[in-house]
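Visitor:
Numbering (the working numbering), first residue to last: 6 to 455.
(1) Which one of 380, 301, 348 and 377 has the shortest CA to CA distance from residue 423?
(2) Assuming the contact rule is C-beta atoms closer than 8 Å, residue 255 and residue 275 should be a hit. Round their C-beta distance to whole Å, please.
(3) Using beta-carbon positions only, say whether residue 18 and residue 325 come within less than 8 Å of one another.
(4) Cβ of residue 170 within 8 Å of Cβ of residue 179?
(5) Which residues in the same chain as residue 408 place their Cβ atom closer than 6 Å to its Cβ, once the five residues preceding and following it in sequence are excluded?
(6) Looking at residue 293 and residue 68, is the spacing between their C-beta atoms short of 8 Å?
(7) When DSSP labels each residue in this structure, what does residue 4 get in the three-state scheme?
(8) If you count every other CB in all the chains shown that lies within 10 Å of the CB of residue 245, and 16 or more means buried, which is it?
(9) Over the uninterrupted alpha helix (DSSP H) stretch that includes residue 81, give me the two end residues.
(10) Among residues of its own chain, excluding the 5 on either side of residue 318, which ones have a beta-carbon nearer than 7 Å to its beta-carbon?
(11) Residue 247 to residue 125, Cα distance in whole Å?
(12) On a CA-only basis, which of 73, 136, 101 and 314 is nearest residue 195? Give me that one, please.
(13) So what does DSSP say about residue 255, is it helix, strand or coil?
(14) Can you round the beta-carbon distance between residue 103 and residue 97 to whole angstroms, since I take them to be within the 8 Å contact cut?
(15) If you run the structure through DSSP and keep just helix, strand and coil, what is residue 445?
(16) Could you check what DSSP says for residue 226 in three-state terms: helix, strand or coil?
(17) Per the DSSP calculation, residue 92 is bridged to which residue(s)?
(18) Can you say whether residue 309 is buried or exposed, counting buried as having 16 or more other CB atoms within 10 angstroms of its CB?
(19) Are the region 77-84 and the region 47-64 touching, with three or more C-beta to C-beta distances below 8 Å?
(20) Please classify residue 265: is it buried, with 16 or more other beta-carbons within 10 angstroms of its beta-carbon, or exposed?
(21) Please state the DSSP three-state secondary structure of residue 48.
(22) Closer than 6 Å by C-beta to residue 280: which residues in its own chain qualify, once you throw out the five before and the five after it? Chain order, please.
(23) Figure out for me which residue from 262, 127 and 329 has the closest Cα to the Cα of residue 278.
Written out as structure tokens, the structure reads:
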């Protein structure tokens, strides 16, 4: 999307959002002022994104660098909303290399650091520090297996987390604020806002009351919007993109602080706890109150196809534009012959299908001038004759196919050898192409603002 397209999108969104119904506009302006005042007084435009708690891979992190870039270019602030309203099991994935006389073996290892939810998670400081030091040690001992320029970045990123352990209040904050510090070191200035804080603001209370007061109408529009999305995208699974709201169900979670549990909101519990957003209501809130432009990843954009209908039919707000941003990077392992060879091997499932195809259609690998090929064409043409004995013809075709399979035996054998090598190294090949390791295992310059 070019600069003029971004400008047009911002102008379109601001024209819509600056002409909201009076009460919506008052709460939007108040909420935006709280965000701006808490982070950078005087800024008006807010470029926002958000995600659940985890060690981001580049595809997710790219949303934050894009928000920071747009904020810098268009005179605003970048906000990342931390979705700590969803329980998360936090793991740190990293490559583990083992050297043998024959070859280098490596696999993806996972360390479970704890569970996050609503900033009530605690930190096992010594355990997490010990595990992170193990990862650092592994990187140091096997540094030759990484690109030279990634080592300082890897060490710095993990050391930031280790340094922040003692000051972080919980695991949620440790992961989030360490990442933001890392981003800021490369020029991507972005601020965090936690959903566990957002739900105590006036705008959220006003938003939930609007829906609760007219829940039957909202539920009808919500379910129609989801049904239309499924029909448009030919989705048969009724849990996608989100389930329908059942009779007496509200589009929130009811959270009970005393037990740290949440349940779907109904008329029986709607006033008995704290209301947390679910996917669609969170997206709706962001688009109305929280920003001038929201940046989704590839997956999150589907929610806004649903929310656009709800915005128009329930809130009487025209469609506001949003951006979808993602990135795909490969880990920065060393550029050596072994890694390059593994990286060149094709997907074993594709080779397996090719071998199966050639066994059934061996004529595809021989020259059209080949005698057996011409014989097969002649036999196929015999099907057109009304007097052909089809049973006998089938036997002749099978005999011909068997001879052709013998003819291409050496070519198929080469394919089978490649298949067995690729299949036996599948986990290593997958790791070489893994897009989901934590952001610090990738070349920072490829997704920063530098």
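All C-beta atoms, glycine included, are put in the ideal place defined by N, C-alpha and C.
Guide: Taking the definition as stated:
(1) 348
(2) 6 Å
(3) yes
(4) yes
(5) 377
(6) no
(7) Residue numbering for the chain in the displayed model covers 6 to 455; residue 4 lies beyond these limits and cannot be assessed.
(8) Burial call: exposed.
(9) That residue, residue 81, is in no alpha helix (DSSP H); its beta strand (DSSP E) goes 81-88.
(10) 226
(11) Answer to the nearest angstrom: the Cα atoms are 27 Å apart.
(12) 73
(13) strand
(14) In fact, because the Cβ distance is near 19 Å, the residues do not count as touching under 8 Å.
(15) helix
(16) helix
(17) None; residue 92 has no bridge partner.
(18) buried
(19) yes
(20) exposed
(21) No answer about residue 48 holds up, because its pLDDT of 48 lies below 50 and its placement is not dependable.
(22) Result list for residue 280: 213 and 257, in chain order.
(23) 262
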